[in-house]
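One structure is given below, encoded as structure tokens.
Numbering (the numbering used here), first residue to last: 23 to 96.
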């Protein structure tokens, strides 16, 4: 689970995009909540990487507890 808030979101989004290809090749499922201001840009980069259909991408999620419960690593 990649989840960043306000000031830390940019660094986490960049880290997620940089590491997503390696992680998905290893069979790791990614959930990324990138923030509403970054959603279109992050979505574009995942699409360019050919990973958009292999991850769960959200601008915002109403139930963070449920998302965190499903994750093995946050």
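Where is the CB? At the ideal position from N, CA and C, for every residue including glycine. Just so you know, these numbers come straight off a predicted model, no measurement behind them.
Opposing strand residues paired with residue i [DSSP bridges]
i: residue 25; result: 55
Nearest-angstrom Cα separation, counted from residue j out to residue i
i: residue 85; j: residue 76; result: 21 Å
i: residue 42; j: residue 62; result: 17 Å
i: residue 81; j: residue 48; result: 25 Å
i: residue 74; j: residue 64; result: 10 Å
i: residue 70; j: residue 87; result: 30 Å
i: residue 44; j: residue 35; result: 15 Å
Nearest neighbour of residue i, chosen from the options [CA to CA]
i: residue 40; options: 30, 29, 81, 67; result: 67
i: residue 33; options: 45, 47, 44, 60; result: 60
i: residue 72; options: 96, 93, 87, 46; result: 46
Check: residue i C-beta below 8 Å from any heavy atom of the ligand GTP
i: residue 63; result: This structure does not include the ligand GTP; it has no bound ligands of any sort.
**Prompt:** On the three-pair Cβ rule with 8 Å, is the segment 51 to 66 touching the segment 24 to 41?
**Reply:** Segments in contact, yes.
**Asked** Along the chain, which unbroken stretches of the beta strand (DSSP E) at least 3 residues long are found entirely within the segment 35 to 87?
**Response** Fully enclosed beta strand (DSSP E) runs of 3 or longer: 52 to 55, 77 to 80.
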